[in-house]
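Participant:
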Amino acid sequence: MAEKFEMAYLRTLDVGNPLKADAAKYYSTGIGDYKALQDYIFRFIAIESGRLGMAIHIHAAAGGGGYFNVAGGNPMLLEPLFNDPPLRKTNFVLLHGGWPMSRQLTGLLTKPNCYVDFSWQTLMNYPRDVSETIRA
Ligand SMILES: [Zn+2]
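Okay, structure coming up:
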């Protein structure tokens, strides 16, 4: 069981660590920083998922459509989450291997709570390219 996030389709993958008061302000008034509310909710779900032994799956690759924010979907933007002490019990699975940043992604595999899945890469890349990515 896991929670899957497709936030790369809607916003960048940089998740901040907002104050609860900033998230609550936007929630109650609609005024302020909407990203603070999103980030607060993401962190809450991720911490609870870790406590319950559930992984977090994150769409981490260029998505469909001609106007997907490829740079904003760079999985390297998630690194601060993997290092954050409250999230160290949460396992994160980066779906689709981070394409086209697959090689950068291998550096994130040094984190004990970060995993990569290679689904979808075989639909977008040549078999040799996928095999070299997996080998790396
Ligand atoms: Zn996906």
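Number 117 marks the last residue of the sequence shown (the numbering used here); no jumps.
Quick reminder that beta carbons are idealized off the backbone N, C-alpha and C, glycines included.
1) Which residues does DSSP list as the beta-bridge partners of residue 168?
2) Taking one C-beta from the segment -2 to 18 and one from the segment 39 to 52 each time, how about it: are there three or more such pairs within less than 8 Å?
3) Please confirm whether any heavy atom of ligand 1 lies closer than 6 Å to the CB of residue 40.
4) Going by alpha carbons, who is nearest to residue -1 out of 29, 13, 84?
5) Cα separation between residue 90 and residue 3?
6) On the DSSP letters alone, give me the boundaries of the beta strand (DSSP E) that residue 2 sits inside.
7) Assuming contact is defined by CB atoms lying nearer than 7 Å, are residue 77 and residue 112 in contact in what I supplied?
8) If residue 97 sits next to residue 36, beta carbons under 8 Å apart, how far is it from one beta carbon to the other, in whole angstroms?
9) By DSSP, does residue -13 sit in helix, in strand, or in coil?
10) Between the Cα of residue 80 and the Cα atoms of 34, 93, 69, 39, which residue gives the shortest distance?
Facilitator: Judging by the given coordinates:
1) Residue 168 lies beyond the residue range present for the chain, which begins at -18 and ends at 117; the question has no answer from this structure.
2) no
3) By one-based count along the sequence shown, residue 40 stands at place 59. Within the cutoff, so yes.
4) The residue given as residue -1 occupies position 18 in the sequence shown. Looking at the Cα atoms, 13 is the closest of the given residues.
5) For the purposes of this step, residue 90 is taken as residue 109 along the sequence shown, with counting starting at 1. For the purposes of this step, residue 3 is taken as residue 22 along the sequence shown, with counting starting at 1. Cα-Cα distance, rounded: 33 Å.
6) If you number the sequence shown from 1, residue 2 lands on position 21. Premise fails: residue 2 lies in the alpha helix (DSSP H), 1 to 10, not in any beta strand (DSSP E).
7) Looking up residue 77 in the sequence shown gives position 96. Looking up residue 112 in the sequence shown gives position 131. Their beta carbons are not under 7 Å apart, which means residue 77 does not touch residue 112 by this criterion.
8) Residue 97 sits at position 116 when you count from the first residue of the sequence shown. Residue 36 sits at position 55 when you count from the first residue of the sequence shown. The pair is not a contact, with the Cβ atoms about 12 Å apart (cut-off 8 Å).
9) The residue labelled residue -13 in the question sits at position 6 within the sequence shown. The answer is coil: DSSP assigns residue -13 none of H, G, I, E or B.
10) Stepping through the sequence shown from its first residue, residue 80 is reached at position 99. Closest by alpha carbon: 39.
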